[in-house]
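Enquirer: Under numbering that gives the first Met the number 0, residues 0 to 140 are what the sequence shown spells out, in order.
Ideal placement from N, C-alpha and C gives every residue a C-beta, glycine not left out.
Computed from a prediction, not measured in an experiment: that's the story for all the values here.
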Amino acid sequence: MGKRRKSRILVLQLLYQYEIRKEPAAELLTEFCGEHPKLHPDILDYAESIFKETLNHLKEIDGTIEELALHWKINRLSLVDKSILRIAVCEILFRDDIPDKVAVDEAIEMAKQYGGEDSGAFVNGLLDRLIRKSAGTTRRG
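Here it is, written out as structure tokens:
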């Protein structure tokens with residue numbers, strides 16, 4: 000498993016904890032890093048970067064998800080699916096170093112592994128709508 004995938008899995012865990020515990024992000028990060036002292040610094044750095052960027056743009060990310068999750072309100076999505084979608088939407092909208100296809104593929108794989116029975120298809124459909132919606136703008140693959 001690559002470093003970025005490991006990072007995304009950590010971000011999934013962090014976003015899940017953030018929703019459940021309602022604690023400040025800085026406290027969660029400090030605690031999380033303390034619990035994983037043997038992780039490669041690159042893995043932690045990327046995880047921290049995506050976690051912070053997701054929270055910095057959370058309102059816009061959640062609005063995008065809700066707009067594309069046909070007939071679903073964001074608060075009705077499973078916490079795992081919502082967290083996976085937040086990571087992918089963050090990478091697609093705000094990260095130039097991640098090709099869209101990579102963000103989508105990684106999200107689908109995480110949804111299949113950690114989500115419910117239909118999570119992979121749901122995540123795929125929503126992210127496909129995002130990519131098609133933004134096809135009129137300059138996209139990165």
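1. Under 8 Å by Cβ, that's how I've got Ser82 and Tyr15 pegged, so tell me the actual separation to the nearest angstrom.
2. Please go through the same chain and pick out, in chain order, the residues whose beta-carbon is closer than 6 Å to the beta-carbon of Glu65, but skip the five residues on each side of it.
3. What is the rounded straight-line gap between the Cα of His35 and the Cα of Thr53?
4. Does DSSP classify Asp95 as helix, strand or coil?
5. Looking at the ligand PLP, does it come within less than 6 Å of Ile73, judged from the CB to the closest heavy atom?
6. For the alpha helix (DSSP H) containing Arg75, name the first residue and the last one.
7. Count the C-beta pairs between the stretch 4-15 and the stretch 101-109 that are closer than 8 Å, then say yes if the count reaches three, no if not.
8. With burial defined as no fewer than 16 other Cβ atoms inside 10 Å of the residue's Cβ, what is the status of Ile8: buried or exposed?
9. Less than 7 Å between the C-beta atoms of Gly119 and Asp80, yes or no?
10. If you run the structure through DSSP and keep just helix, strand and coil, what is Asp80?
11. At what residues does the alpha helix (DSSP H) containing Leu38 begin and finish?
12. On the three-pair Cβ rule with 8 Å, is the stretch 85-104 touching the stretch 116-133?
13. Taking the beta carbon of Ala102 as the centre, do at least 16 other beta carbons fall within 10 Å, making it buried, or is it exposed?
Expert: Considering the structure as presented:
1. Indeed they touch by this definition, with Cβ atoms about 5 Å apart.
2. The answer, listed in chain order, is Ile73.
3. If you draw a straight line from the Cα of His35 to the Cα of Thr53, it comes to about 21 Å.
4. Here DSSP, grouped into helix, strand and coil, assigns Asp95 to coil.
5. The model on display carries no ligand, and the ligand PLP is accordingly not part of it.
6. Following the DSSP letters along the chain, one finds Arg75 in no alpha helix (DSSP H), marked with neither H nor E.
7. The answer is yes - the stretch 101-109 touches the stretch 4-15, with three or more Cβ pairs under 8 Å.
8. By the 10 Å Cβ count, Ile8 comes out buried.
9. Taking 7 Å as the Cβ cut-off, Gly119 and Asp80 do not qualify as a contacting pair.
10. Of the three classes helix, strand and coil, the one that applies to Asp80 here is helix, per DSSP.
11. Per DSSP, Leu38 lies in no alpha helix (DSSP H) and is assigned neither H nor E.
12. With contact defined as three or more Cβ pairs closer than 8 Å, the stretch 85-104 and the stretch 116-133 are in contact.
13. That one is buried.
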